[in-house]
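Each remark here refers to the structure printed beneath this line.
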Amino acid sequence: AGACGCAQAAGTVHCLPSVVVIGIEKAGTGELIQWLGSHPLVRFARREMYFFSRPGAAERLGSYLRSRFFVLSKEDREAGVMTVEKTPEYSMKFCLGARQLNDLLPSVKVLVLLKDPAKRAYSSFHHHCKRGRLFLASGEKEKVAFSLGVKGGAVEGRGERLKCTSENFDFFLETAKKHFSEQEKSVEKYYEYKDNSDKCELADDYFGDPYGILSHGIYAAAFEEYYKYFNRSSVGYVHSEDYVRNPSQFMTEVESFIGLPPHGYKAHKNENGFWILDGYPYRSKGNGDHYLPASDSARQWLNSFYAPERNRLSQLLPNLKYRFDSWA
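In the working numbering, the protein residues as written are 100 to 427.
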């Protein structure tokens, strides 16, 4: 059962994942795994594991394999039940993620949920802002401290916690633009730097974007790294906008790539227009938070910022049905 093998411990059979969802962060991967988990032939990890993106995965394989999420009964194995993990960090920390995933699960199927990077950035801003991670620069109340959005405790120069509004997202982008201009950094220059480097280079490190609000929208770098280790047929792509339009058809595409028989998913829209999966025992939150749209100026700047990314994706993935220029 599953592409990657099983092991028995204390009379219990644990199976490594057949499928790993590597992202994209804030594209709807949580909802994807909930829908996929309602399939009778799927068992999934109900939390992100962070296993393949952290050093020393091979040495920790035993503890990972013994996870209760990957336990299959004899009946499960005979029925062909698959085990699935979802951790978007594998596409964010792709240098370790791609290599260690291939080292330990060379026949795994890698699934990617795509989203317009400009929309993803706005969603990511609200995600981190609502968790109290973004602050104003002390003494500069009109500015959002992009470079001070660091992880950890008190930071010198950090002022009051940021309010989560579209206006403050504009201020966040203004601070980011100033930061990038002073450092002479852009998406195009990141790829030049990456292509000329002897080692794998993460966008987070290059841009100094501690929560990846902007840098996690640079997708092609991760996909290029995965293609060093996996055949293209082993990496599948679906699009969050297809889920919004028709989740049943969207799940048919997912099932087809994974190799699952069709399952009759039933859902309804909530008061905010988000799809909610019916009759499922685990929480289904819909496909997003409800907040006011970003300003036109924010959208225009983000479209310009990510233009080199759209071009890179179009060259890397010319056979996908998606037109990446439609994101502009």
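The C-beta atom is built at its ideal place from N, Cα and C for all residues, glycine as well.
Counterpart residues of residue i in DSSP-defined beta bridges
i, result
"Ala106", "His113"
"Trp374", "Lys368"
"Tyr98", "Given that the chain is displayed from residue 100 to residue 427, the structure contains no residue 98 and the question cannot be resolved."
"Leu171", "Val112"
"Val119", "Glu184 and Val209"
"Val286", "Its beta-bridge partners do not exist; DSSP assigns none."
"Phe234", "Arg260"
"Val353", "Paired residue(s): none; Val353 is not in a bridge."
"Phe143", "Val183"
Residue closest to residue i, alpha-carbon to alpha-carbon, out of the options
i, options, result
"Lys192", "Tyr221, Ser314 and Leu131", "Ser314"
"Tyr336", "Gly104, Ala320, Ile357 and Glu273", "Ile357"
"Asp444", "Leu391, Glu370, Ala397 and Ser339", "With the chain covering only 100 through 427, there is no way to say anything about residue 444."
"Ser396", "Asp269, Arg422, Lys276 and Ala406", "Asp269"
"Ala427", "Leu416, Arg409 and Lys420", "Arg409"
"Ser333", "Ile312, Thr264 and Ser355", "Ser355"
"Ser265", "Asp424, Ser394, Gly161 and Gly363", "Ser394"
"Lys368", "Val343, Ala320 and Met148", "Val343"
"Val118", "Pro154, Tyr405, Tyr318 and Val353", "Val353"
"Leu301", "Asp341, Gly372 and Ala320", "Ala320"
"Leu415", "Lys277, Phe322 and Gly372", "Phe322"
"Tyr163", "Lys173, Tyr189, Phe150 and Gly311", "Phe150"
"Glu147", "Gly110, Arg165, Thr186 and Ala197", "Thr186"
"Gly316", "Ile123, Ala108, Gln107 and Gly110", "Ile123"
"Ile312", "Pro361, Ser296, Ser222 and His278", "Ser222"
"Gly307", "Arg331, Asp297 and Glu281", "Glu281"
"Arg167", "Pro154, Lys173 and Arg145", "Arg145"
"Glu188", "Glu130, His138 and Asp303", "Asp303"
"Arg153", "Glu130, Glu174 and Ser190", "Ser190"
"Lys208", "Glu130, Arg331 and Lys288", "Arg331"
Beta-carbon gap between residue i and residue j smaller than 8 Å
i, j, result
"Thr128", "Leu213", "no"
"Leu235", "Leu261", "yes"
"Lys125", "Arg219", "yes"
"Leu203", "Ala275", "no"
"Val183", "Ile132", "yes"
"Tyr290", "Pro417", "no"
"Phe423", "Leu412", "yes"
"Glu178", "Asn402", "Note that residue 178 is Ala in the sequence shown here, rather than Glu. For Ala178 and Asn402, no; Cβs fall outside 8 Å."
"Cys194", "Glu324", "yes"
"Pro360", "Thr351", "no"
Whole-angstrom C-beta distance between residue j and residue i, which should lie under 8 Å
i, j, result
"Cys114", "Phe169", "5 Å"
"Tyr390", "His226", "So it is not a contact: roughly 10 Å between Cβ atoms."
"Lys284", "Tyr318", "About 18 Å separates the two Cβ atoms, so there is no contact after all."
Cβ shell of residue i (< 6 Å), same chain only, five flanking positions each side left out
i, result
"Gly136", "Phe143"
"Val141", "Leu135, Met181 and Val183"
"Pro205", "none"
"Gln199", "Phe151 and Ala156"
"Cys263", "His225, Cys228 and Lys229"
"Gly101", "For Gly101, the predicted model reports a pLDDT of 41, less than 50, meaning its position is unreliable; a value from the coordinates is still stated below. Excluding residues within five positions, the ones whose Cβ falls inside 6 Å are Cys114, Ser117, Met181 and Thr182."
7 Å CB neighbourhood of residue i in its chain, flanking five on each side removed
i, result
"Ala366", "Pro346, Trp374, Ile375, Leu376 and Asp377"
"Phe349", "Val337, Asp341 and Tyr342"
"Arg165", "Ala108 and His113"
"Val286", "Ile317, Phe404, Tyr405, Pro407 and Glu408"
"Asn295", "none"
"Leu419", "Tyr336"
"Ala253", "Because the pLDDT of Ala253 is 45, which lies under 50, any placement of that residue in the model is unreliable, and the number read from its coordinates should be weighed accordingly. Excluding sequence neighbours, Ala253 sits near nothing in its chain."
"Lys298", "none"
"Asn386", "Low confidence applies to Asn386: its pLDDT is 48, below 50, so where it sits in the model is not reliable enough to give any reading."
Residues of its chain near residue i, where Cβ-Cβ distance is below 8 Å and the 5 sequence neighbours each way are ignored
i, result
"Cys105", "Val112, His113, Cys114, Leu115, Leu171 and Arg176"
"Gly231", "Arg260"
"Asn201", "Tyr328 and Phe329"
"Tyr292", "Glu300 and Tyr305"
"Trp400", "Leu272 and Lys276"
"Lys173", "Val112"
"Tyr364", "Trp134, Ser137, Pro346, Ser347, Met350 and Leu376"
"Arg398", "Ala217"
"Leu160", "Leu203"
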